């Protein structure tokens, strides 16, 4: 028997009345009435009230107990009894423990905040003292949900003949994705490993090697600009399967999500999910991340500017990949200055370069509005802004945002902004709208680098091309065999059928501007693997942090990660990243050059 406790705090119930118990935990709340001390003791299962009656202890013992404060760690020996006054039917209010002995395991010095009093504490302070923040019931609930979600995922995948395989963390830097986090090699001075942005290449090599169904709860690392749903290190459920098609993978994931929502939330979702093409998503939802709840009216006003203000249109839409979008927030929502400022900060953090915020004060008719220009972070004149708003279907009290930037930036921002509104105004209707977006373009033109880029990654198989056919269509017209899973406007994951022919893979690399020497240097091992005989295969990755953020109604993925980084990629707890000392740098052969 565990001598530290015979019961957890949350396990003590009316069934234990007149029983002796031993419990251990933290003092959550305490009241001292002179002759009697009441306190709640807390562990990861819940609370229970403890009563210290001075008549049951000698003077010295009771005197020592009078120094017990909040967050002291104590062990309580006592007898469970029914409370004399029961306020309600809550379990914690029905029983209490009459202490016979108390051991102070550890005291507690001054704390920057207490777990039950964190509401006015900034997130920066919470992250700096994360060990205190983790004592909150809300945080422990979310981390338990995370553990349960992974457990149910593993059960499901084992039932479907997957095997769990770990892939390397120290790997090769390749040019197909975002910026890498690099690790210098002491053995090979001047050479560097990269932390994996995903297990993409390794999982492809696994199925080429005969592993029929692979999965991994994988740590991934990307050196990219952060937001509420991004972290420099994150976790994804990674899958790869052989001898399948995209429809099989989508059906499998639907069953996995169905099982997850049923077991975690007792919520039965509808399957199969909606399917729509990339073009349909942009046409109907103005985004490749459709949200079927439609809480915000939004319109593409690019054509209006093209017809009525061509010079402004030409200035904004430097190329066809720019969009001008209007977002109208309903007047039934109470939007104050603090909220508006938070939305402005959101646009800045998500790299929206130009945005305008307008409040509709009066509306006599469609052409007679009175508006208040709250923020104009653009070169649009007030007259043009008025002209745009007057053509929108707005009402008195509406808040209107105008945002314009690259298509992909707008698409990302729109889905996140919708989610932000849902959370801010508690518009949770417990309805989960899932959809698959398919038929993405295989290539996207990058106007900054002036070349074609892979819309997803260069290993995605083109649609309607097979074997070693050469891709000779206009690159922008080629569709991919990829699929993104969207829920309520947020991307939960994505995948594709992969290229399984070495000639086709070479052609794709060349179309992306890589020379034969570059292909051999960066991906020669993959080309050789494809030459050895590769099955038809494909896979998907689900963002575990983002999925848990949704399942727990959290505002940020930082709330479902035990020790997250800030939006500036810092760990407030350990003060990392940190500067290496000169000896460490010398061993690695690194010289720091500061750029001004």
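Numbering (this note's numbering), first residue to last: 1 to 596. Yeah, the Cβ is synthetic: ideal placement off N, Cα and C, and Gly gets one too. Quantities reported herein were computed from a predicted structural model and do not represent experimental measurements.
Local conformation of residue i per DSSP, three classes
| i | result |
| --- | --- |
| residue 194 | strand |
| residue 543 | strand |
| residue 494 | strand |
| residue 284 | helix |
| residue 475 | helix |
| residue 151 | helix |
| residue 567 | coil |
| residue 558 | helix |
| residue 170 | coil |
| residue 203 | helix |
| residue 181 | coil |
| residue 309 | coil |
| residue 165 | coil |
| residue 449 | coil |
| residue 16 | helix |
| residue 55 | helix |
| residue 549 | helix |
| residue 212 | coil |
| residue 590 | coil |
| residue 325 | strand |
| residue 298 | strand |
Assigned exposure category for residue i - 16 Cβ within 10 Å defines buried
| i | result |
| --- | --- |
| residue 43 | buried |
| residue 232 | buried |
| residue 545 | buried |
| residue 657 | Limits of the chain in this structure are 1 at one end and 596 at the other, which puts residue 657 out of reach. |
| residue 4 | exposed |
| residue 142 | buried |
| residue 311 | exposed |
| residue 553 | exposed |
| residue 353 | exposed |
| residue 323 | buried |
| residue 216 | buried |
| residue 210 | exposed |
| residue 71 | buried |
| residue 395 | exposed |
| residue 115 | buried |
| residue 230 | buried |
| residue 405 | buried |
| residue 361 | exposed |
| residue 182 | exposed |
Rounded C-alpha distance that separates residue i from residue j
| i | j | result |
| --- | --- | --- |
| residue 371 | residue 273 | 41 Å |
| residue 154 | residue 431 | 25 Å |
| residue 192 | residue 336 | 50 Å |
| residue 110 | residue 126 | 15 Å |
| residue 496 | residue 588 | 39 Å |
| residue 309 | residue 302 | 10 Å |
| residue 561 | residue 129 | 14 Å |
| residue 57 | residue 66 | 12 Å |
| residue 218 | residue 238 | 7 Å |
| residue 508 | residue 458 | 7 Å |
| residue 344 | residue 383 | 22 Å |
| residue 235 | residue 278 | 26 Å |
| residue 59 | residue 68 | 15 Å |
| residue 194 | residue 175 | 11 Å |
| residue 387 | residue 521 | 55 Å |
| residue 351 | residue 203 | 33 Å |
| residue 326 | residue 349 | 19 Å |
Sequence-distant residues of its chain with Cβ nearer than 6 Å to residue i (five each side left out)
| i | result |
| --- | --- |
| residue 281 | 288, 290 and 437 |
| residue 479 | 439 and 463 |
| residue 50 | 39, 41, 76, 97 and 99 |
| residue 347 | 355 |
| residue 286 | 298 and 300 |
| residue 549 | 557 and 560 |
| residue 411 | 287 and 288 |
| residue 162 | 213 and 215 |
Residues of its chain near residue i, where Cβ-Cβ distance is below 7 Å and the 5 sequence neighbours each way are ignored
| i | result |
| --- | --- |
| residue 455 | 440, 441, 442, 443, 444 and 480 |
| residue 572 | 124, 127, 128 and 566 |
| residue 246 | 481, 483, 497 and 538 |
| residue 359 | 371, 372, 374 and 399 |
Sequence-distant residues of the same chain with beta carbon closer than 8 Å to residue i, five excluded per side
| i | result |
| --- | --- |
| residue 179 | 222, 223 and 224 |
| residue 7 | 16, 21, 22 and 23 |
| residue 453 | 443, 444, 445, 446 and 512 |
**Study point:** Inside the stretch 72 to 148 only - beta strand (DSSP E) runs reaching at least 3 residues
**Key:** Under the rule that a run must span 3 or more residues, the beta strand (DSSP E) segments found entirely inside the stretch 72 to 148 read 73 to 82 and 95 to 106.
Exercise for review: With a floor of 4 residues, list each alpha helix (DSSP H) that falls wholly inside the stretch 505 to 537, ordered by position along the chain.
Suggested key: You should have 516 to 531.
Check your understanding: For the stretch 215 to 294, which segments carrying the beta strand (DSSP E) assignment without a break, of at least 3 residues, lie completely within its bounds, in sequence order?
Key -> 233 to 242 and 274 to 277, all fully within the stretch 215 to 294.
Review point. Could you give the uninterrupted runs of the beta strand (DSSP E) lying entirely in the stretch 347 to 414, keeping only those of 3 residues or more?
Key: As far as the stretch 347 to 414 is concerned, its whole beta strand (DSSP E) runs of at least 3 residues are 354 to 365, 368 to 377 and 399 to 406.
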